[in-house]
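Protein chains in written order, with the numbering used here: chain Z, 80 to 510; chain D, 80 to 510.
Some notes on the structure that comes next.
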């Protein structure tokens, strides 16, 4: 088959996520035949650097031989079994490793990031209920993104995704975020935050945050001090804290988990995306024995957390996740990332010379270039996207923000190509 | 490793779905080492018939050689790629096949049943909004179950899962269900339903139903006439209809999809569970071009459906789903099921003689035995579960209802064993 044939059939039958389908009257939908490392290849041999790790999931490269091998071994043993009343070796091993890595005590499994967020906010609400309190408000950050199901969307704040549904969302309040990565702005935002805590704390079950980087929120970044300060406020006002590390976990921000940089431990941590190295949908909510024990009682008390998904703790996804942790142990990934981040940061200084670039920023292996405030209708980001595809790089800007979140195994030549294409693309749309 | 070692480690780190964890102080959590066909096997060689298809997902048996082969082929080609702006051959093929099987036009992918329901209810709400109407009410059936995320839970009605969260759910109204499978009860319920339609229709975006069998709702069953009548009411009052065939789709009720028996086409159909033959989390929402076109316009009109999940249209899950459809085409599954259903039905007549059995009922490959109304605190179902495990059969009763939803490839000897163990278990708890 050729690209054209698949493209046409695709548009006949598929409704793609996060897409105005009419855009594809001028924008080709690219059929990928195979992938290896950072490279995606279509049916006519065109190749693209996956500079966004296919929506921030693929941390260790496509078609990784080791992960493939481990999934195949699992396939030949146990593809799946119900996870209520039953368990399997992979799930026990993965949970133990995740607890050891993070200091949490218990793991609850789900299938995607949204579902993990739903589990965490339901658990937080339910925790207080089991203690005899009804706290119906959720607290989150301005500009936050936590997923698309009704609960997850409700605690998010990106208008593009949320506004349409405002009549069918649940109650949520937001606190301001720091204007930039400085400690000064973090302190300012924390002062504003405290006012909200003070006013509403008795009705708030949890605060949910994306530590260090609000990815879908246009790659806004803040100081670790902000995360630390929010943990202190949660302690002071007795509110549970949820860290949504779905996008930032597994080395993306420079440490294994973003919370480490703030030196804090939340009450819940949500992980997905990189958890399986970009292979399979799987997510977890990590929590403490203190939370767990608030649900642990005789059945007749009816305090159990009865949430479930059919494929909870799917052995194939878990085999991928265990393989990913093996690779983190075997290869020197975090240290190599530090060198690559520095290389990228040095190299993108030249973007500051472009008249249509407003700011460059970086946290670990996330690097963002914000263009000037073009009216959204001009869709300048989309033009950079188109330029990238024509030149072999998959960039997928968020509004006027171009960013790099490549697989960690990207090499220096590939980094050069990725950055050079983005540079030319941004330059071109500024002309 | 031995069972005991894994069990202990499991309970140290894992918080299981839909479980009061304290139950496992007396109930063993069984570690499964491998599985084949209908059989699960633990680390000490004990074997269990998976009479509930591991939460109704595994239609074609564990460790199916053909599905394994197809997933492995996909693994060696393309494990995953972003599904916005990109596509792949498996997704095009699967979508075309699902549309051909159902008469729908477009496929939207998600990862689990809850997420599919969220997509459908958001799309229905958004459809009316794009047409200039705000309809904030959702309509569903009494005793319904549609999943656990906030939106899906809100349109459900099983108190056990829902009541705890009532303060944080969105608005939903319910209509009565038929008391049994008779046409008379269907007609009676439809009359009651029409009163609700009449009163609220202007504010209702959609009706969601589980056609023919409310599975998590204690395997309650109704006549196809009820489904047909609801479609007519939706037409008359201009409300969109969502068929949640997550549990009942793919041959479970005797036809490929349950809606076929009512001769109707809803506006949305949600599928998951059996979609991948019990291998991997994947779900779809099928819909019509009429719905699709209400979102299709110039980007600047901001009417696009921007929902997304990272692993949307995951190629590995889709490879499993295509393999499942291959097997439905190759093997005579539906016809064989008809014979097995009849055999099961004939064989369970003897349950009527047990003094603690209230009703037996069947729809296709779902067979339920309802015990008398024991107080829930007596947990008679759990006692049948324990008896089953001790005798090599995984039953997982819903309250006082014992049911069979085995993989379709179960043979007649295995059916005998499954039924005989359930019979003895029910008899024993009645003594």
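Yeah, the Cβ is synthetic: ideal placement off N, Cα and C, and Gly gets one too.
Check, Outcome
"Residue 442 of chain D beta carbon less than 7 Å from that of residue 332 of chain D", "yes"
"Euclidean distance between Cα positions of residue 472 of chain Z and residue 497 of chain Z", "6 Å"
"Outcome for residue 149 of chain Z when other beta-carbon atoms lying within 10 angstroms are tallied against a minimum of 16", "buried"
"Close Cβ partners of residue 229 of chain D (< 8 Å) along its chain, the five nearest in sequence each way excluded", "244, 247, 248, 249"
"is_contact[residue 452 of chain D, chain Z] using C-beta, thresh 7 Å", "no"
"Against chain Z: residues of the region 165-189 of chain D by CB proximity under 7 Å", "165, 166, 167, 168, 170, 171, 174, 175, 178, 185, 186, 187"
"Under 8 Å by beta carbon: chain Z residues contacting residue 367 of chain D", "By Cβ distance, chain Z contributes nothing, its closest Cβ being about 11 Å from residue 367 of chain D, past 8 Å."
"heavy atom of the ligand ADP below 6 Å from residue 176 of chain D C-beta", "This structure simply doesn't include the ligand ADP, nor any ligand for that matter."
"Interface residues of chain Z facing residue 371 of chain D [CB-CB closer than 9 Å]", "94, 100"
"Nearest-angstrom Cα separation, counted from residue 344 of chain D out to residue 318 of chain D", "13 Å"
"Nearest-angstrom beta carbon gap, residue 392 of chain Z and residue 206 of chain Z [assumed within contact, 8 Å]", "With 8 Å as the limit, residue 206 of chain Z and residue 392 of chain Z do not qualify as a contact, their Cβ atoms being about 22 Å apart."
"Segment contact, 8 Å Cβ cut-off, at least three pairs: the region 112-125 of chain Z with the region 131-142 of chain D", "no"
"Residues near residue 262 of chain D in its chain [Cβ-Cβ closer than 7 Å; skip 5 each side]", "302, 304"
"Minimum C-alpha distance to residue 414 of chain Z - residue among Z/503, Z/165, Z/191, Z/488", "Z/488"
"CA nearest to the CA of residue 370 of chain D, picked from D/360, D/378, D/320", "D/320"
"Min CB distance residue 257 of chain D to chain Z below 7 Å", "no"
"Cutoff 7 Å: residue 265 of chain D Cβ touching any chain Z Cβ", "no"
"Start and end residues, beta strand (DSSP E) containing residue 187 of chain Z", "185-189"
"Closer than 7 Å to chain Z by CB, residue 66 of chain D", "Nothing about residue 66 of chain D can be reported from this structure: the residues present for chain D run from 80 to 510 only."
"Under the three-state DSSP convention, the category residue 456 of chain D falls into", "helix"
"The region 459-472 of chain Z / the region 409-423 of chain Z touching (three or more Cβ pairs under 8 Å)", "no"
"Residues that residue 93 of chain D bridges to, as DSSP identifies them", "Z/186"
"Counterpart residues of residue 118 of chain D in DSSP-defined beta bridges", "D/115, D/128"
"7 Å Cβ cut-off: residues of chain D touching residue 201 of chain Z", "244"
"Cβ of residue 456 of chain D within 7 Å of any chain Z Cβ", "yes"
"Buried/exposed call for residue 121 of chain D, threshold 16 Cβ in 10 Å", "buried"
"Spatial distance of residue 400 of chain Z from residue 191 of chain Z (CA atoms)", "14 Å"
"Run of the beta strand (DSSP E) containing residue 447 of chain D, from where it starts to where it stops", "445-450"
"Contacts around residue 330 of chain Z, its chain only, beta-carbon distance under 8 Å, and the 5 residues preceding and following it disregarded", "138, 353, 407, 412, 413, 416, 443, 444, 487"
"Within chain Z, the residues that residue 147 of chain D reaches when beta carbons sit closer than 8 Å", "154, 155, 158"
"Spatial neighbours of residue 308 of chain Z in its chain, beta-carbon cut-off 6 Å, leaving aside the 5 residues before and after", "269"
"Given residue 251 of chain D as reference, the closest of D/225, D/266, D/264 once Cα atoms are compared", "D/225"
"Below-7 Å beta-carbon distance, residue 236 of chain D vs any chain Z residue", "no"
"C-alpha distance - residue 418 of chain Z paired with residue 430 of chain Z, whole-angstrom precision", "20 Å"
"Expected contact under 8 Å - CB spacing of residue 81 of chain Z and residue 123 of chain Z to nearest Å", "6 Å"
"Residue 327 of chain D beta carbon less than 7 Å from that of residue 292 of chain D", "yes"
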